[in-house]
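Chemist:
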Amino acid sequence: MAQFTSLEAALKHFFGYDSFRSGQKQIIEHALNKRDSLTIMPTGGGKSLCFQLPALLRSGLTIVVSPLIALMQDQVDALKDNGIGATFLNSTLNIEEARSRQIAILQGKIKLLYVAPERLLNPGFGEFLERIAGKVGISAIAIDEAHCVSEWGHDFRPEYRRLQTLRQRFPQTPIQALTATATKRVQQDIIQQLNLHQPQIHIASFNRTNIHYEVKTKDRTIYRQLLQNIRTESGSGIVYCLSRRSVEEVALKLQHDGIEALPYHAGLSDKQRSINQTRFLRDDIRVIVATIAFGMGINKPDVRFVYHYDLPRSLENFYQESGRAGRDGEPAKSILFFSLGDLKKIDFLIEQKSNEAEQRISRQQLRQVVDYAEGTDCRRTIILRYFGERYRGNCGKCDNCLNPKPIEDWTIEAQKFLSCVARCREKFGAMHVIDVLRGSRKQKIQQYGHHLLSTYGIGKDKTADQWKMLARSLLHQGLVAESNDGYRILKLNKASWEILRKQRSVEIAVSKPDKQRAVASNSRKAEAEILFDRLRMLRKQIADRQSVPPYVIFADSSLKLMAQVRPTTLDSFANLSGINQYKTQQYGESFISTIREFTAQQKLPTPLPSGSQMTTLQLHQQGLSAAEIAKERGMAVGTINTHLCELIEMNQPVALNKLVTANKQQAIIQTIEKLGDNLLKPLKEHLGEEYSYEEIRLVRGWWRSQQK
Ligand code: ADP
Ligand code: ZN
Numbered sequence: 003m004a005q006f007t008s009l010e011a012a013l014k015h016f017f018g019y020d021s022f023r024s025g026q027k028q029i030i031e032h033a034l035n036k037r038d039s040l041t042i043m044p045t046g047g048g049k050s051l052c053f054q055l056p057a058l059l060r061s062g063l064t065i066v067v068s069p070l071i072a073l074m075q076d077q078v079d080a081l082k083d084n085g086i087g088a089t090f091l092n093s094t095l096n097i098e099e100a101r102s103r104q105i106a107i108l109q110g111k112i113k114l115l116y117v118a119p120e121r122l123l124n125p126g127f128g129e130f131l132e133r134i135a136g137k138v139g140i141s142a143i144a145i146d147e148a149h150c151v152s153e154w155g156h157d158f159r160p161e162y163r164r165l166q167t168l169r170q171r172f173p174q175t176p177i178q179a180l181t182a183t184a185t186k187r188v189q190q191d192i193i194q195q196l197n198l199h200q201p202q203i204h205i206a207s208f209n210r211t212n213i214h215y216e217v218k219t220k221d222r223t224i225y226r227q228l229l230q231n232i233r234t235e236s237g238s239g240i241v242y243c244l245s246r247r248s249v250e251e252v253a254l255k256l257q258h259d260g261i262e263a264l265p266y267h268a269g270l271s272d273k274q275r276s277i278n279q280t281r282f283l284r285d286d287i288r289v290i291v292a293t294i295a296f297g298m299g300i301n302k303p304d305v306r307f308v309y310h311y312d313l314p315r316s317l318e319n320f321y322q323e324s325g326r327a328g329r330d331g332e333p334a335k336s337i338l339f340f341s342l343g344d345l346k347k348i349d350f351l352i353e354q355k356s357n358e359a360e361q362r363i364s365r366q367q368l369r370q371v372v373d374y375a376e377g378t379d380c381r382r383t384i385i386l387r388y389f390g391e392r393y394r395g396n397c398g399k400c401d402n403c404l405n406p407k408p409i410e411d412w413t414i415e416a417q418k419f420l421s422c423v424a425r426c427r428e429k430f431g432a433m434h435v436i437d438v439l440r441g442s443r444k445q446k447i448q449q450y451g452h453h454l455l456s457t458y459g460i461g462k463d464k465t466a467d468q469w470k471m472l473a474r475s476l477l478h479q480g481l482v483a484e485s486n487d488g489y490r491i492l493k494l495n496k497a498s499w500e501i502l503r504k505q506r507s508v509e510i511a512v513s514k515p516d517k518q519r520a521v522a523s524n525s526r527k528a529e530a531e532i533l534f535d536r537l538r539m540l541r542k543q544i545a546d547r548q549s550v551p552p553y554v555i556f557a558d559s560s561l562k563l564m565a566q567v568r569p570t571t572l573d574s575f576a577n578l579s580g581i582n583q584y585k586t587q588q589y590g591e592s593f594i595s596t597i598r599e600f601t602a603q604q605k606l607p608t609p610l611p612s613g614s615q616m617t618t619l620q621l622h623q624q625g626l627s628a629a630e631i632a633k634e635r636g637m638a639v640g641t642i643n644t645h646l647c648e649l650i651e652m653n654q655p656v657a658l659n660k661l662v663t664a665n666k667q668q669a670i671i672q673t674i675e676k677l678g679d680n681l682l683k684p685l686k687e688h689l690g691e692e693y694s695y696e697e698i699r700l701v702r703g704w705w706r707s708q709q710k
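Letter by letter, the sequence shown follows residues 3 to 710 of this note's numbering.
Here's what the structure looks like:
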């Protein structure tokens, strides 16, 4: 620690980041105070840093227990690429390789050692640990995926239970347990099983603020919708399907339509699966179409979208699966395609379970997914409520918040529908009832004589989909019942009769059919985007040469910053967030020369914003206010406001309308035109109390940018 003035300085030095994410700093401080801790953070929250940074600041070796070989490899690659001494020991290594790593460890060249739990517990390894303790010291033990210790978690591993022998062997060594699973029961289990001493418990919010949530109606156009969404999206994505068959089918169609996609499911050989996975990690392909078998142990931080082509089985599954998007904190998207037909498919699967209690639980879980899909509340609110968190109001980043569905009075339609159910003698499902209402000429209708019913053809004014929407809503509001025998025959209940007797009105949230989104315009892409693409290509070349995934070289966010700031010296390059000295030495020259070349070609002007200004801009674009940015960055509000003013002057995309109302802007501009822009004070005096210096400065920045 001595060589750094602050934890932030150490963070920048080793990882290149400018600031800690919420919770990280406290956890790290506790670790440095040698206290036990339990950290619960959603996937992508930044757990690894919480044990990695302390490991680098203490003398001795930190042992990291991790159950997944692929993840181990990934983390070690990423650390090494930051110039940090890290290694792993697991069953994939041959004897020589393992021995040379052990020597490096005993020579003190390694700060972080990743091991699988089973290895940690074999006797020979125990002796090795004693030798490490004697020679270089063991500074801490970090236990990743700590929920594996609990039978109540979703991934119990018996070998985790035996980790308490570590505590017995090294009673003075602090233990840090980390997991993304949140139930109270599992938390207690972890503390007890691992014998943690008065641990500091940190539970982060489960809100994934960078993920945009959306639900779309799944109908015949589903594939076209999917394709169009993938085409308008940039970067990598995962499409989750329920069955192997639909995985194969969708992957094939996408390939046919020119999308680089590969399938992933349990029916493929281990080898093929691992090839497809690696190609996805390395950006050889853009899209992986997968069953839920894909994801455990996938640590690709730059997944930009996760689509659920089929319904997930529970909201917890949905959360974990959609949570594989945007682990790097950059904007990402989750779309769930929802249809009642899917519900039937899963219902059928649940039917197959022999255990009645299991069936009941599965049904309930499915219900929660449907509530999410059909809900008209903020999606984030629904998800977080599921995890016991309260989230208030409008998140601005889900379809329901962005375009709230109108509530309409459909009492008359409900009366038509229910009376048709009654005339069909409560012996048919919704589809048949709708056919009758819409006056279908299907054989089945004639056969039952239903073309003679008084309700035949009285519903031609609405489409079949609209009637289905009504049926669904009636069911979910409990205004009609259905049989439980798998045929879903509609039955009238007490509420239905009240509606028919005009004692009750019916309101439903009406979703309008998605308008086909305009295909992304092929107007000239902004310069930053073109440069971003070039830098991505360069990153891919370097990554391929080193046989690592591209995100190990630089995160998307760092490339974006490079493209916006266009640093042309090594110093300014090293200043960007996410880039440390080591990476600058390794890659700085190549990236800078690509940037120079581009700038020259495009005849772009300098000056450009500094790295710090760009960080402010990024946070501003994520919707944070100046005060929030200041808090996040540990800077004064005034500094942030100055950044914003200067950014505006440099013509950077600052949303002035969010900062100053249109009326005020107009008044300030008029005053500037009258009095000139040199001095703020006379402007302020002329405008009066209601106008703050900040507002005037911001608008003046804009005015100046227009004069150039
Ligand atoms: P988790 O293990 O909680 O799922 P990771 O530790 O893999 O999450 O972190 C997710 C991503 O966030 C990684 O790409 C990591 O480099 C990045 N990250 C972590 N901490 C920070 C930070 N303070 N600033 C910026 N990025 C960070
Ligand atoms: Zn919302």
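Each residue gets a CB set at the ideal place from its N, CA and C atoms; glycine is no exception.
(1) Could you check if residue 51 belongs to the surroundings of ligand 1, using beta carbon to heavy atom distance under 6 Å?
(2) Can you give me the Cβ contacts of residue 706 inside the same chain, cut-off strictly under 6 Å, excluding the 5 residues immediately before and after it?
(3) I'd like to know whether the C-beta atoms of residue 601 and residue 540 end up nearer to each other than 7 Å.
(4) Count the other C-beta atoms from every protein chain shown that fall within 10 angstroms of the C-beta of residue 711, then say buried if there are 16 or more, exposed otherwise.
(5) Can we count residue 211 as close to ligand 1, meaning its CB is less than 6 Å from some heavy atom?
(6) In this structure, does DSSP put residue 461 in helix, strand or coil?
(7) Any heavy atom of ligand 1 closer than 6 Å to the beta-carbon of residue 45?
(8) Say yes only if the C-beta of residue 23 is nearer than 6 Å to one or more non-hydrogen atoms of ligand 1, and no if none qualify.
(9) For residue 66, which option in 451, 506 and 141 has the closest C-alpha, if you only look at C-alpha atoms?
(10) Counting Cβ pairs, one atom from each stretch, are 3 or more of them under 8 Å apart for the segment 34–53 and the segment 314–333?
(11) From residue 180 to residue 504, what distance separates their C-alpha atoms?
(12) May I ask you to verify whether the segment 377–384 touches the segment 353–365, counting CB pairs closer than 8 Å and requiring at least 3?
(13) Is residue 333 near ligand 1, going by C-beta to nearest heavy atom under 6 Å?
(14) Along the chain, where does the beta strand (DSSP E) that runs through residue 93 open and close?
(15) Report the option in 353, 346 and 338 whose CA atom is closest to the CA atom of residue 374.
(16) Of the residues 248, 253, 288 and 295, which one's Cα is nearest the Cα of residue 312?
(17) Quick one: complete alpha helix (DSSP H) runs, 4+ long, within the segment 163–227?
(18) Per DSSP, what are the beta-bridge partners of residue 239 in this structure?
(19) Where does residue 521 land, buried or exposed, given buried means 16+ other C-beta within 10 angstroms?
(20) Please classify residue 293: is it buried, with 16 or more other beta-carbons within 10 angstroms of its beta-carbon, or exposed?
(21) Quick check on DSSP: helix, strand or coil for residue 115?
(22) Would you say residue 397 touches ligand 2, meaning its beta carbon is less than 6 Å from a heavy atom?
(23) Output needed for residue 94: all residues of its chain with C-beta closer than 7 Å, excluding positions within five of it in sequence on either side, in chain order.
(24) Find the nearest neighbour of residue 107 within the set 165, 62, 569 and 75, judged by alpha-carbon distance.
(25) According to DSSP, is residue 493 part of a helix, a strand, or is it coil?
(26) Please find out if some non-hydrogen atom of ligand 1 comes closer than 6 Å to the beta-carbon of residue 303.
(27) Under 7 Å between the Cβ atoms of residue 206 and residue 25?
(28) Would you call residue 105 buried or exposed, if buried means 16 or more other Cβ atoms sit within 10 Å of its Cβ?
(29) Assuming contact is defined by CB atoms lying nearer than 7 Å, are residue 290 and residue 240 in contact in what I supplied?
(30) Buried or exposed: which applies to residue 231, given that a residue is buried once 16 or more other Cβ atoms fall within 10 Å of its Cβ?
(31) Where does residue 218 land, buried or exposed, given buried means 16+ other C-beta within 10 angstroms?
(32) Mind checking whether the beta-carbon of residue 392 lies closer than 6 Å to any heavy atom of ligand 2?
(33) Any chance the CB of residue 325 is under 6 Å from a heavy atom of ligand 1?
(34) Nearer than 6 Å: is that true of the beta carbon of residue 382 relative to any heavy atom of ligand 2?
(35) Is the separation between the beta-carbon of residue 202 and that of residue 39 shorter than 7 Å?
(36) Are the beta-carbon atoms belonging to residue 654 and residue 701 less than 7 Å from one another?
Modeler: On the basis of the supplied data:
(1) Within the sequence shown, residue 51 is the residue found at index 49, counting from 1. Yes, the Cβ of residue 51 comes within 6 Å of a heavy atom of ligand 1.
(2) Counting from one through the sequence shown, the residue named residue 706 turns up at place 704. 651.
(3) If you number the sequence shown from 1, residue 601 lands on position 599. If you number the sequence shown from 1, residue 540 lands on position 538. No, these two residues do not count as a Cβ contact at 7 Å.
(4) With the chain represented from 3 up to 710, any question about residue 711 goes unanswered, as that position is not in the structure.
(5) Here residue 211 corresponds to residue number 209 of the sequence shown, with the count starting at 1. No - ligand 1 has no heavy atom lying nearer than 6 Å to the Cβ of residue 211.
(6) Stepping through the sequence shown from its first residue, residue 461 is reached at position 459. In this structure, residue 461 counts as coil in the three-state DSSP scheme.
(7) Here residue 45 refers to the residue found at position 43 of the sequence shown. Yes, ligand 1 has a heavy atom inside 6 Å of this Cβ.
(8) Taking the first residue of the sequence shown as position 1, residue 23 is located at position 21. Yes, Cβ of residue 23 sits closer than 6 Å to a heavy atom of ligand 1.
(9) Taking the first residue of the sequence shown as position 1, residue 66 is located at position 64. Among 451, 506 and 141, the Cα nearest to that of residue 66 belongs to 141.
(10) yes
(11) Residue 180 sits at position 178 when you count from the first residue of the sequence shown. Residue 504 sits at position 502 when you count from the first residue of the sequence shown. About 57 Å.
(12) no
(13) The residue you call residue 333 lines up with position 331 of the sequence shown. Because no heavy atom of ligand 1 lies under 6 Å away, the Cβ of residue 333 does not count as near it: no.
(14) In the sequence shown, counting from the first residue as 1, residue 93 sits at position 91. Taken as a continuous stretch (DSSP letters only), residue 93 belongs to no beta strand (DSSP E), as it is neither H nor E.
(15) Within the sequence shown, the letter at position 372 stands for residue 374. It is 338.
(16) Indexing the sequence shown from 1 puts residue 312 at position 310. Measuring from the Cα of residue 312, the nearest candidate turns out to be 248.
(17) 166–171 and 186–195
(18) To locate residue 239, count along the sequence shown from 1; it is residue 237. Answer is 289 and 307, bridged to residue 239.
(19) Position 519 of the sequence shown, counted from the start, is the residue given in the question as residue 521. Bear in mind that a pLDDT of 29 at residue 521, under 50, signals an unreliable position, so the number given afterwards is only what the model happens to contain. The residue in question, residue 521, is exposed, as its Cβ has fewer than 16 Cβ neighbours within 10 Å.
(20) Locating residue 293 in the sequence shown gives position 291, counting from the first residue. Counting Cβ neighbours within 10 Å, residue 293 comes out buried, since at least 16 surround it.
(21) As a position in the sequence shown, residue 115 is number 113, starting the count at 1. Reduced to three states, the DSSP call for residue 115 is strand.
(22) As a position in the sequence shown, residue 397 is number 395, starting the count at 1. Indeed, a heavy atom of ligand 2 lies less than 6 Å from the Cβ.
(23) Residue mapping note: residue 94 aligns to position 92 of the sequence shown, counting from 1. Correct list, in chain order: 71.
(24) Residue 107 sits at position 105 when you count from the first residue of the sequence shown. Selected option, being the one with the closest Cα: 62.
(25) For the purposes of this step, residue 493 is taken as the residue at position 491 of the sequence shown. Strand at residue 493.
(26) On the sequence shown, position 301 is the one that residue 303 refers to. Checking the Cβ of residue 303 against ligand 1 gives yes.
(27) Here residue 206 refers to the residue found at position 204 when the sequence shown is read from its first residue. Here residue 25 refers to the residue found at position 23 when the sequence shown is read from its first residue. Yes, the pair counts as a contact, with Cβ atoms nearer than the cut-off.
(28) In the sequence shown, residue 105 corresponds to position 103, counting from 1. Burial call: exposed.
(29) By 1-based counting over the sequence shown, the position of residue 290 is 288. By 1-based counting over the sequence shown, the position of residue 240 is 238. Cβ atoms of residue 290 and residue 240: closer than 7 Å.
(30) Your numbering for residue 231 matches position 229 in the sequence shown. Flag for residue 231 reads buried.
(31) The residue labelled residue 218 in the question sits at position 216 within the sequence shown. Classification for residue 218: buried.
(32) Mapped onto the sequence shown, residue 392 falls at position 390. Every heavy atom of ligand 2 is 6 Å or more from the Cβ of residue 392, so no.
(33) The sequence position of residue 325 within the sequence shown is 323, counting from 1. No; taking the cut-off as 6 Å, the Cβ of residue 325 has no heavy atom of ligand 1 nearer than that.
(34) Numbered from its first residue, the sequence shown carries residue 382 at position 380. True, at least one ligand heavy atom lies under 6 Å from that Cβ.
(35) In the sequence shown, residue 202 corresponds to position 200, counting from 1. In the sequence shown, residue 39 corresponds to position 37, counting from 1. Yes. Within cutoff.
(36) Here residue 654 refers to the residue found at position 652 when the sequence shown is read from its first residue. Here residue 701 refers to the residue found at position 699 when the sequence shown is read from its first residue. Not a contact, by the Cβ cut-off of 7 Å.
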